[in-house]
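Okay, so the sequence shown: first residue is 21 according to this note's numbering, each after it adds one.
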Amino acid sequence: MKILVTGGAGFIGSHLSVALVKAGHDVRVLDNLFSGKRHNLGDVRGDVEIVKGDCADPRAARKAVQGIEVVYHEAAVPSVARSVDQPSLSHRANATATLEMLNAARDAGVRRFIYAGSSSVYGERKESPKRESMEPKPLSPYAVGKLMGEHYLRIFHELYGLETLTLRYFNVFGPRQDPGSPYSGVISLFTTALLEGRTPVIYGDGGQTRDFTFVANVVAGNLKALKARGLAGQSVNLATGRSVSLKQVLAAIAKQTGGVAKATRKPARKGDIRHSLADIGLARKLLGYRPLVDFETGLRRTVDWYRQAYGA
Ligand SMILES: NC(=O)c1ccc[n+]([C@@H]2O[C@H](COP(=O)([O-])OP(=O)(O)OC[C@H]3O[C@@H](n4cnc5c(N)ncnc54)[C@H](O)[C@@H]3O)[C@@H](O)[C@H]2O)c1
């Protein structure tokens, strides 16, 4: 199949692009290299058409979807904290970019559009685990933007018949996640800090929990979505169904790196939620998805990768 992966030079998009090429698909990547890097595409770089462009620019979006059957829309500026600091930047990269990609896909006759959604749309709630039937209550500009994208996907199915699906990712981690900014994913930050002998920062008391999902599981869910039947604008959790606290994560990384499980405490960040755990029943039912790699195995592979890439 001829597939477009937006954000394909980023963390998740690059893993997905590599898997699609290995499965024999013809892959084009659209990425403005805001945080992505061409070298993330590693060994498959020669087999992927990489187009530098912005998804929020209608001309770039239209050019990128020419001849494409399926779009995986992974491009975003995926940080709650950054969106609190820069709401307009977040809106453009998340909401506007998604709408422009959908417009372009509709006009070019793309058949299927699969979107990287986010668990952040649930916001803070007492009920756990999070089920898709719950009303979303986004707490940050990032979560609002991701939720707008979901609504657009739903109505693009209803209005124009595009086969659409949102996969709500829950705290993804793994090799190639960029630890280069304070907005980066917590596992990338903790691991590189301990490998480099620095003390990592924990915002809040470290008791907050997340359904940390190894990136191979997210790729597996996306590959299932390529062939699944009955895609009609649904939103589906993609996670593991198990949660771990930040303190536990830090202890596990310290054990693997030989570092000390100590962190500098800073006040909890605005827009962050306390607990996040997914019900993955719908993904199982609709896509036949099940997580392939457990947290401990994923963490080991991740720490090994950072040790090679960043360690002494
Ligand atoms: N990492 C997670 O834990 C997580 C959790 C939930 C959802 N998500 C979603 O998964 C997707 C991928 O996230 P990631 O962690 O790989 O992030 P990432 O920052 O590594 O990748 C995003 C990619 O999108 C590109 N990009 C940003 N804005 C763009 C634009 N306007 N046009 C073209 N390219 C653009 C960046 O350069 C980058 O390559 C995002 O949509 C994000 O919202 C991620």
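We put the beta carbon where it would ideally sit given N, CA and C, even for glycine. If you're wondering where the values come from, they're calculated on a predicted model, not measured in any experiment.
Look up residue i in the DSSP assignment and say whether it is helix, strand or coil.
| i | result |
| --- | --- |
| S160 | coil |
| N191 | coil |
| N52 | coil |
| R262 | coil |
| T219 | coil |
| D105 | helix |
| A125 | helix |
| Q268 | helix |
| K290 | coil |
| A95 | coil |
| L24 | strand |
| D324 | helix |
According to the Cβ coordinates, are residue i and residue j closer than 9 Å?
| i | j | result |
| --- | --- | --- |
| V280 | F210 | no |
| Y142 | S103 | no |
| R320 | E144 | no |
| Q86 | A117 | no |
| G291 | S160 | yes |
| A84 | R112 | no |
| V130 | T26 | no |
| V71 | V38 | no |
| Y135 | G169 | yes |
| L258 | I300 | yes |
| K22 | E89 | yes |
| G318 | F234 | yes |
| D231 | L167 | no |
Between residue i and ligand 1, is there a pair consisting of the residue's CB and a ligand heavy atom that are separated by less than 8 Å?
| i | result |
| --- | --- |
| S139 | yes |
| Q86 | no |
| K166 | yes |
| V38 | no |
| Q106 | no |
| A29 | yes |
| N191 | yes |
| N103 | Note that residue 103 is Ser in the sequence shown, not Asn. No, Cβ of S103 sits at least 8 Å from all heavy atoms of ligand 1. |
| R188 | yes |
| S153 | no |
For this session: Please confirm if the stretch 251-263 is in contact with the stretch 214-223, defined as three or more CB-CB distances below 8 Å between the two stretches.
Result: The stretch 214-223 and the stretch 251-263 do not touch, with fewer than three beta-carbon pairs separated by less than 8 Å.
For this session: Assess, as a yes-or-no matter, whether the stretch 231-242 is touched by the stretch 183-190 under the definition of 3 or more beta carbon pairs within less than 8 Å.
Result: Here the stretch 183-190 makes contact with the stretch 231-242; the two share three or more CB pairs at distances below 8 Å.
Problem set entry | At least 3 beta-carbon pairs within less than 8 Å: the stretch 39-55 vs the stretch 89-108 | Because the criterion of three Cβ pairs below 8 Å is met, the stretch 39-55 and the stretch 89-108 touch.
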